[in-house]
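One structure is given here, and the rest of the page talks about it.
Numbering (our numbering), first residue to last: -3 to 306.
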C-alpha cells in the first residue's frame, strides 16, 4: 500500500507554486507621466499671463523698456498698485460692480432653484419643454437683443429713489435684470440635473410627515444643493463681475460704470504705461480670486458631483 502511494505520488507531475498576484499599485501605469506633463503644460499656459502681469506690475516701466519684460529686475516695488488704485478711481468702481454682481447672483440662483425644483421634483406637465426653453435661452446671441432692450428700458419708468433718470435706462437695475435673464438658463439646467440625482425617498418621507411644497424646497432640497449652488455662485459672480457689454450699453453716467471700465482710465491719450495697466488688471482680478478661495471647497465638491456612485 505504501508502495502504491509512492508510485502515485511519483507519477503526478509537480506543480509550480503560483506566483503571487501583483497588487494594482505595483502595476505599471502607462501614460501616467505623459498625462502629468500635459496637465502641467496646460496649467502653466493658463497661469503664465497672470504671472507675467504680476511680474511687470512690480517693475518700473523704464526698466522693462530698456531690458525687456523677461529680463532680471533691478528694482521691485508696489508703487504701481497704489497709483492704479488712486488714478483710476477704482474704489468707486468696485462699489458699483458689487451693487450689480451681488444682487444679480443671489436673485439668479434663487429663481433658478425655484424653476429647477418645479421641473425636476414636482413632475409638472411639460417640465421637459420648460427646461429646454430655459436652456435654449443660452444660445441666443446677446447682440440681437441690444436694440430692443435699449428701447424698452427707456420706456420703463422707475421712481426717483431707484433711478436718477426716472427710467430703467442709466441705472443699475437695467444691468442686473439683463444679467439675471441671461444667466437663468444655465443655472436652471445645472440645478435641475443635480436635483434629479437626489434620492426621491427623502421627499416621500417628508410628504408622509406632512411637509408642504415650500418645506420640501426650502428645508429639504435646497440644503442638499449647497455644493451645486456654491459652484454656480462662483461662476456667476466671475461672469457678471467681468461683464462690460451690458454696462457700456445701458449706463451712460461714467460714475455708475463697473470695475471693468476703470482700466480704461489708466490709458493715456498719447502714451500708455503697460506696467501700470498690469497692476490695475491684477487689482481688478483680486475679488474673483478671493471668491474662489472662499468657496473653493464647495466649488470642487460641486464639480465632482456624480463622478462616483454611492
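Just so it is clear, CB atoms sit at the ideal spot from N, CA and C, and this is done for glycine as well.
Apart from the 5 residues on each side of it in sequence, residue 70 sits with its Cβ closer than 7 Å to the Cβ of 59 in its chain, given in chain order.
The beta carbon of residue 145 sits closer than 6 Å to no other beta carbon from its chain once the five residues preceding and following it are set aside.
Under the three-state reduction of DSSP output, residue 69 falls in the coil class, being neither helix nor strand. The C-alpha of residue 253 is placed about 16 Å away from the C-alpha of residue 277. Taking C-beta atoms as the reference points, residue 147 and residue 229 fail to come closer than 7 Å.
Counted as a single uninterrupted DSSP element, the alpha helix (DSSP H) harbouring residue 45 occupies residues 28 to 53. When secondary structure is reduced to three states using DSSP, residue 153 falls in the strand class. Put simply, the stretch 245 to 264 does not touch the stretch 189 to 208. Fewer than three CB pairs are less than 8 Å apart. Just measuring C-alpha positions, the residue of 127, 93, 206, 178 sitting nearest residue 139 is 178. Proximity to residue 174 across 106, 51, 149 peaks at 149, based on C-alpha coordinates.
DSSP, read as helix, strand or coil, puts residue 163 in strand. If you ignore the 5 residues before and after residue 202, its C-beta comes within less than 8 Å of the C-beta of 211, 212, 216, all in its own chain and listed in chain order.
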